[in-house]
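Heads up: the sequence lines are chains A and B, in that order.
Per this note's numbering, the first sequence starts with residue 12, numbered consecutively.
Per this note's numbering, the second sequence starts with residue 12, numbered consecutively.
Contents: one structure, followed by commentary.
Number of protein chains: 2
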Amino acid sequence: MIQASWKASTGWATPELKPYGPLSLMPTASVLHYATECFEGLKVFRGYDGKLRVFRPDRNAARLRMSSERISLPVFEPSQIEKLIIALLSVDGTKWLPKERAGSFLYIRPTVIGTAPQLGVGAPKEALLYIIITYMPRLDAPPGGMRLHTSPEDMVRAWVGGFGYAKVGANYGPSLLATADARVRGFHQILWLYGQQGECTEAGASNFFVIWKRKDGKKEIITAPLDDKLILDGVTRRSCLELFRERLNGEYEITERKYTIDEVIEADAEGRILESFAAGTAYFICPISQIHHRGKNIDIPMGPEATPGEVTSKVKGWLGDIIYGREQHKWGVIIPEKE
Amino acid sequence: MIQASWKASTGWATPELKPYGPLSLMPTASVLHYATECFEGLKVFRGYDGKLRVFRPDRNAARLRMSSERISLPVFEPSQIEKLIIALLSVDGTKWLPKERAGSFLYIRPTVIGTAPQLGVGAPKEALLYIIITYMPRLDAPPGGMRLHTSPEDMVRAWVGGFGYAKVGANYGPSLLATADARVRGFHQILWLYGQQGECTEAGASNFFVIWKRKDGKKEIITAPLDDKLILDGVTRRSCLELFRERLNGEYEITERKYTIDEVIEADAEGRILESFAAGTAYFICPISQIHHRGKNIDIPMGPEATPGEVTSKVKGWLGDIIYGREQHKWGVIIPEKE
């Protein structure tokens with residue numbers, strides 16, 4: 012793991028490469044009381060061309076800086092974080108993801124926490140940045156597709172004026188209760204609705220896409236917009252939109268706008284829903300087969316034998332080609348390895 | 012400090028009394044990523060009668076259980092927490108708050124954190140409850156009274172359907188940025204407004220009271236209600252309301268309802284504002300002298316020579332008498348001490 016400590020008085024210390032092991036924190040550490048914490052998630056992939064790649068780490072580094080500032084933790088040059096990630100992977104990537112494991116990945120978790128031992132409610136005067144690497148199971152193909160349960164009426168994930176756009180711990184802990192309830196009922200994740208109209212925002216901790224026929228007959232790929240800062244500016248979300256605009260333009264309208272669960276229900280009733288998927292680093296591109304909303308099931312079409320639908324398959328294929336080196340693309344950043 | 016660990020498989024271990032020192036947490040511990048954390052704050056007072064007291068610990072214990080459940084941490088019998096607090100104070104209270112320090116207090120911080128080393132977003136399978144005791148400065152009498160700045164238009168502390176009523180870390184970290192901005196501008200705390208109408212909710216991390224003359228000439232003590240779960244059910248808030256209803260009934264209307272910053276501004280313009288104070292464990296009863304809202308100052312009357320006003324003084328006196336044993340009251344729970 013990589014660690015770098017920070018003090019308000021002296022700034023950042025030189026980052027150190029250390030063996031993975033426990034952190035020592037005072038019981039009064041800011042992070043344990045006031046959730047002064049933020050993180051990122053990205054993956055490193057062993058390509059079919061033998062190369063090790065990370066996907067758009069510049070995006071994660073920039074978002075970590077933004078999240079850190081939002082939660083009153085210290086800021087840094089995003090390019091420095093990118094360098095640290097690459098330095099760590101140059102050492103550990105080859106070891107844990109050897110060349111014969113083409114098509115495999117590891118998960119990278121950069122984290123910033125407030126370590127200052129201070130119970131006074133204020134910005135922490137000491138912090139720690141660390142980067143760890145772990146295994147993570149594949150989550151992108153639950154048998155039969157991902158089933159979503161809409162959020163309970165009395166529970167909201169994020170709100171306008173809040174911090175739903177930042178990858179801070181405070182967005183996750185409070186959502187666990189609803190997710191656990193949904194799991195007990197046999198669903199995988201919550202579809203978080205917002206406001207009186209029930210705007211569709213996120214699916215679990217992933218972004219949410221619907222592909223449908225509009226009333227005018229035009230095919231459309233739709234996802235919630237970023238402008239009111241309710242949802243996370245997902246790297247996978249952004250990459251999907253960029254690829255759709257580049258490769259499906261003309262065939263589909265690509266739309267970022269607010270849309271409600273009632274629009275989804277209406278489209279379902281009129282047989283206009285084509286596909287739906289969740290997009291994120293952990294779940295990659297995960298086809299959605301069902302949405303349950305207040306006692307009613309919306310069944311979403313999938314491909315033959317519960318494979319992903321056409322658009323879902325295409326974007327999953329394109330991204331897979333980029334991350335595993337079947338397509339050379341600027342988004343796949345190659346990690347230098349010693350021979 | 013007292014520590015008790017919990018595992019999903021085996022439940023709570025026997026609590027242990029340990030010397031104060033650092034905690035060892037894995038870098039993947041749930042609390043460091045997903046803000047699975049909650050806490051309480053209460054004080055122990057050395058009375059003028061020589062006795063050691065805590066104030067309504069049953070309330071804090073019950074709230075800790077509620078917060079713990081809300082943030083997907085394990086639950087427990089509140090009475091057990093109360094017993095642990097009293098056990099810890101029976102040992103450390105005498106030592107750190109000897110009999111000659113009448114009129115002094117220490118701060119007690121029970122905390123529950125998710126310790127499970129798991130990056131998967133889910134309820135932590137391991138947790139730690141600990142109780143620590145620290146010194147805390149007196150915060151209830153900033154020279155000239157507390158000055159509040161209303162929350163920025165693009166920042167909301169809590170929302171209906173959220174978790175503003177629970178004492179979870181996720182309510183604190185995200186509010187630090189606005190508080191730091193207010194401090195730079197010369198204010199002590201944020202007055203958090205909610206919704207289009209600008210409902211007055213909390214002052215910093217304290218509850219907020221206004222005493223005014225209503226348009227019908229009747230004197231009123233007003234504070235935000237608990238019913239939409241936006242604000243913390245403060246023990247001091249609740250105690251103030253109970254004492255007001257018992258001791259000022261007839262003289263003042265005691266009202267819990269939504270009221271807006273525009274109502275406060277109007278009352279100010281019509282010379283109807285009498286007093287205002289913040290109520291909480293950390294700030295105790297703290298008179299408010301000014302509210303700044305979008306470029307405009309509302310000056311709040313105080314007593315002569317910047318002392319608290321009449322109602323503020325009265326309730327501060329009543330509570331002070333209870334906690335320091337000048338009035339024997341069931342809220343002041345006596346800690347048994349060895350001679």
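Backbone N, C-alpha and C fix where the C-beta goes; we use that ideal spot for every residue, glycine too.
Nonlocal neighbours in the same chain, by C-beta distance under 7 Å from residue i, ignoring five residues either side
{"i": "Glu93 of chain B", "result": "Pro68, Asp69 and Ala72"}
{"i": "Ile272 of chain A", "result": "Thr161, Leu204, Gly209, Cys211 and His304"}
{"i": "Met37 of chain B", "result": "Pro128"}
{"i": "Asp60 of chain A", "result": "Gly336"}
{"i": "Pro236 of chain B", "result": "Glu267, Arg268 and Lys269"}
Any chain B beta carbon closer than 9 Å to residue i
{"i": "Gly215 of chain A", "result": "yes"}
{"i": "Asn378 of chain A", "result": "The displayed coordinates of chain A run from 12 to 350. Any statement about residue 378 of chain A would go beyond what the structure contains."}
{"i": "Trp107 of chain A", "result": "no"}
{"i": "Tyr31 of chain A", "result": "yes"}
{"i": "Met12 of chain A", "result": "yes"}
{"i": "Val55 of chain A", "result": "no"}
{"i": "Ala191 of chain A", "result": "yes"}
{"i": "Leu63 of chain A", "result": "no"}
{"i": "Leu130 of chain A", "result": "yes"}
DSSP three-state assignment for residue i, whether helix, strand or coil
{"i": "Met77 of chain A", "result": "helix"}
{"i": "Val123 of chain A", "result": "strand"}
{"i": "Gly184 of chain B", "result": "helix"}
{"i": "Pro135 of chain B", "result": "coil"}
{"i": "Thr318 of chain B", "result": "coil"}
{"i": "Pro128 of chain B", "result": "strand"}
{"i": "Pro68 of chain A", "result": "helix"}
{"i": "Lys269 of chain A", "result": "coil"}
{"i": "His354 of chain A", "result": "Because chain A in this structure spans residues 12 to 350, residue 354 of chain A falls outside the shown range and cannot be described."}
{"i": "Glu257 of chain B", "result": "helix"}
{"i": "Lys307 of chain B", "result": "strand"}
{"i": "Pro89 of chain A", "result": "helix"}
{"i": "Gly291 of chain B", "result": "strand"}
{"i": "Glu262 of chain A", "result": "coil"}
{"i": "Val102 of chain B", "result": "helix"}
{"i": "Ile334 of chain B", "result": "helix"}
{"i": "Trp107 of chain B", "result": "helix"}
{"i": "Leu285 of chain A", "result": "strand"}
{"i": "Arg194 of chain A", "result": "helix"}
Min CB distance residue i to chain A below 9 Å
{"i": "Phe50 of chain B", "result": "yes"}
{"i": "Arg196 of chain B", "result": "no"}
Neighbouring residues, chain B, relative to residue i (Cβ below 9 Å)
{"i": "Asp165 of chain A", "result": "Val171, Gly172 and Lys240"}
{"i": "Gly291 of chain A", "result": "Correct list: empty, because the minimum Cβ distance to chain B is about 11 Å."}
Close Cβ partners of residue i (< 6 Å) along its chain, the five nearest in sequence each way excluded
{"i": "Arg168 of chain A", "result": "Ser186 and Trp203"}
{"i": "Leu139 of chain A", "result": "Ser16, Ile124 and Thr126"}
{"i": "Gln14 of chain B", "result": "Glu27, Lys29 and Tyr141"}
{"i": "Thr105 of chain A", "result": "Glu348"}
{"i": "Met313 of chain A", "result": "Gly156, Pro298, Ser300 and Gly320"}
{"i": "Tyr31 of chain B", "result": "Met12"}
Residues that residue i contacts on chain A, provided the C-beta gap is smaller than 8 Å
{"i": "Thr39 of chain B", "result": "Arg120, Ile143 and Thr145"}
{"i": "His44 of chain B", "result": "Glu48, Phe50, Arg120, Thr122, Gly180 and Tyr183"}
{"i": "Leu99 of chain B", "result": "Ordered by position in chain A, no residue passes the 8 Å Cβ test against Leu99 of chain B, which lies about 13 Å from the chain."}
Burial state of residue i, where buried means 16 or more other Cβ atoms lie within 10 Å
{"i": "Glu137 of chain A", "result": "buried"}
{"i": "Glu164 of chain B", "result": "exposed"}
{"i": "Tyr146 of chain B", "result": "exposed"}
{"i": "Gly215 of chain A", "result": "buried"}
{"i": "Val322 of chain A", "result": "buried"}
{"i": "Glu231 of chain A", "result": "buried"}
{"i": "Thr247 of chain A", "result": "buried"}
{"i": "Asp103 of chain A", "result": "buried"}
{"i": "Gly172 of chain B", "result": "buried"}
{"i": "Glu286 of chain A", "result": "buried"}
{"i": "Lys178 of chain B", "result": "buried"}
{"i": "Lys327 of chain A", "result": "buried"}
{"i": "Ala40 of chain B", "result": "buried"}
Contact list for residue i against chain B, beta-carbon separation under 8 Å
{"i": "Arg81 of chain A", "result": "Pro185 and Leu188"}
Residue i at chain D interface by Cβ criterion, 9 Å
{"i": "Gly125 of chain B", "result": "Absent here is chain D; the protein component of the structure consists of chains A and B."}
Under 7 Å from the C-beta of residue i: neighbouring residues of chain A
{"i": "Ala134 of chain B", "result": "Leu187 and Ala191"}
{"i": "Leu34 of chain B", "result": "Leu36 and Pro38"}
Contacts around residue i, its chain only, beta-carbon distance under 8 Å, and the 5 residues preceding and following it disregarded
{"i": "Leu100 of chain A", "result": "Val55, Leu63, Val65, Ile119, Ile144 and Ile346"}
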